[in-house]
Amino acid sequence: MAPKLAISALLLLLVIIQALFGAQKGYTFEGLNQVKQYLKAFGYYSINGSSHTDSFDDVLESALKSYQQYYRLKVTGRIDSNTLKKMSTPRCGIQDIFNDSDDDVKFSMIANYSFFNGMPRWNKRQLTYMFRSSAFVISDQQFRPITTSALNKWAAVSSFTFREANPSDIVMGFHRRSHGDNVPFDGPGNVLAHAFAPRDGRLHYDADENWSTSNAIRQNQFDLESVAIHEIGHILGLGHSEDPNAIMYAYFSPGTIKRNLGGDDIDGIRALYSN
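Under mature numbering (1 follows the signal peptide of the UniProt record, and there is no 0), the letters of the sequence shown match residues -22 to -1, 1 to 253, in that order.
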């Protein structure tokens, strides 16, 4: 399941981070709690009642180090330039790691790929899908070939087959802001999409993004098929990968196309469904 905490607008967060640039343990800065909320949203920071402050404490320093290590940045425990650049990049809304024992879902790391805690899987290999959106972005006629291509990437390296049907196992569509799953989208940029672990089957795209549906992508657009392949990986049971070349890497740069599964993605799906 996607994180329960609603993610605030990252553009506002970046303004705060820039004001705190170079901040380190022992200091207190107005707005630092927003940085804690960002790290909490993606699984790096367990916030209790006493931690909702603007103090740069040991827990925040540790969370920053974990974030930096996960994304192969220089581990400084500070809000440095590389950390700021990474945090400013749009990404998937699913958490990277889970520290809170009360969370419904956690990841178990094996190599670079990851699984949801307990390794939830589908109990069948013939899955059905349908389209259902609460906001219009593209027609189903445009949506269908992009989705088919994305599904076929996973089918080619696994035992899964997919067909369109109603009712279905997987429901995918475009939604805006609050859309009924307790994980509201945050507007343009920032979080692009999210999906839920097996056997939930929900896959949601943020309708406020500037989506590209062709090979002629512009620098301010996000390639829908690239994001679809990633989110389908979550639907099948994969978490995020630390490998920046993997489809299951959490971050997406606008103006880029990434439609081929990497070795880590293939190893992950085959390991999850090895028996």
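Here a beta-carbon is modelled for each residue, glycine too, at the ideal position from N, C-alpha and C.
DSSP three-state assignment for residue i, whether helix, strand or coil
{"i": "H212", "result": "helix"}
{"i": "L239", "result": "coil"}
{"i": "F7", "result": "coil"}
{"i": "G246", "result": "helix"}
{"i": "S231", "result": "coil"}
{"i": "S204", "result": "helix"}
{"i": "D78", "result": "Low per-residue confidence applies at D78: pLDDT is 42, beneath 50, and the placement is therefore not dependable, though the value from the model is reported in the following sentence. It is coil, neither helix nor strand."}
{"i": "R177", "result": "coil"}
{"i": "R69", "result": "strand"}
{"i": "S190", "result": "strand"}
{"i": "Y23", "result": "coil"}
{"i": "A(-14)", "result": "With a pLDDT of 48 at A(-14), under the threshold of 50, the modelled position of that residue is not reliable, and the figure given next carries that caveat. Three-state DSSP puts A(-14) in coil, outside helix and strand."}
Limits of the unbroken alpha helix (DSSP H) element including residue i
{"i": "Y48", "result": "36 to 48"}
{"i": "R180", "result": "Per DSSP, R180 belongs to no alpha helix (DSSP H); it is in the beta strand (DSSP E), 180 to 184."}
{"i": "Q12", "result": "10 to 19"}
{"i": "residue 266", "result": "No answer is possible for residue 266: it lies beyond the span of the chain, which begins at -22 and ends at 253."}
{"i": "L129", "result": "118 to 133"}
{"i": "T31", "result": "It is not in any alpha helix (DSSP H) - T31 carries neither H nor E in the DSSP assignment."}
{"i": "M65", "result": "59 to 65"}
Contact under 9 Å by Cβ, residue i with residue j
{"i": "F114", "j": "A185", "result": "yes"}
{"i": "E203", "j": "A128", "result": "yes"}
{"i": "D201", "j": "R180", "result": "no"}
{"i": "I213", "j": "A249", "result": "no"}
{"i": "Y229", "j": "K43", "result": "no"}
{"i": "R56", "j": "Q2", "result": "yes"}
{"i": "E220", "j": "N11", "result": "no"}
{"i": "E8", "j": "D35", "result": "no"}
{"i": "R99", "j": "G215", "result": "yes"}
{"i": "F109", "j": "T126", "result": "no"}
{"i": "F138", "j": "Q73", "result": "no"}
{"i": "I235", "j": "W132", "result": "no"}
{"i": "Y5", "j": "Y22", "result": "no"}
Of the residues the options, the one placed nearest residue i, counting alpha carbons only
{"i": "E187", "options": "L216, G233, R180", "result": "G233"}
{"i": "N101", "options": "T126, L42, D178, S156", "result": "D178"}
{"i": "T54", "options": "S40, K64, G211, G241", "result": "S40"}
{"i": "G217", "options": "S136, G71, R103, V149", "result": "G71"}
{"i": "D243", "options": "A224, N253, A19", "result": "A224"}
{"i": "residue 254", "options": "N238, G240, A206, F121", "result": "Outside the shown range of the chain, which is -22 to 253, sits residue 254, and nothing can be said about it."}
{"i": "I148", "options": "Y251, N193, K18, I210", "result": "I210"}
{"i": "residue 293", "options": "N253, S252, H208, S231", "result": "Only positions -22 to 253 of the chain appear in this structure, which leaves residue 293 out of reach."}
{"i": "D118", "options": "N193, P222, M150", "result": "M150"}
{"i": "S92", "options": "N253, K18, Y227, S231", "result": "Y227"}
{"i": "D58", "options": "I116, V13, N168, N130", "result": "V13"}
{"i": "R50", "options": "P222, N253, L17", "result": "P222"}
{"i": "T106", "options": "I116, N130, M97, Q120", "result": "N130"}
{"i": "G167", "options": "S252, S231, N253, M97", "result": "S231"}
Neighbourhood of residue i by C-beta, 6 Å cutoff - its chain only, sequence neighbours within 5 removed
{"i": "Y183", "result": "F152, A171"}
{"i": "N77", "result": "Because the pLDDT at N77 is just 46, under 50, the model does not fix this residue reliably, and the value given afterwards should be weighed accordingly. Same-chain partners within the cutoff: S24."}
{"i": "A134", "result": "none"}
{"i": "P145", "result": "none"}
{"i": "R155", "result": "P162, F163"}
{"i": "S112", "result": "H153, H157"}
{"i": "P238", "result": "Pro is not the amino acid found at residue 238; the sequence shown has Asn there. Cβ neighbours of N238 beyond the five flanking positions: none."}
Contacts around residue i, its chain only, beta-carbon distance under 7 Å, and the 5 residues preceding and following it disregarded
{"i": "D81", "result": "Confidence at D81 is low in this model, with a pLDDT of 41, below 50, so the placement of that residue is unreliable and no value is reported for it."}
{"i": "S79", "result": "Confidence in S79 is poor, its pLDDT being 41 and thus under 50, which makes the residue's placement unreliable; the coordinate value appears in the next sentence. For S79, where only same-chain residues beyond five positions count, there are no Cβ hits under 7 Å."}
{"i": "Q46", "result": "K52, V53, T54, T61"}
Range covered by the beta strand (DSSP E) that runs through residue i
{"i": "T106", "result": "104 to 109"}
{"i": "T139", "result": "139 to 142"}
{"i": "S92", "result": "91 to 94"}
{"i": "M150", "result": "148 to 153"}
Own chain, CB closer than 8 Å to residue i, minus 5 neighbours either side, in chain order
{"i": "S190", "result": "R196, Q199, F200, D201, L202"}
{"i": "Q120", "result": "T191"}
Min CB distance residue i to chain B below 9 Å
{"i": "S59", "result": "As a matter of chain content, chain B is missing from the structure shown, which is built from one protein chain."}
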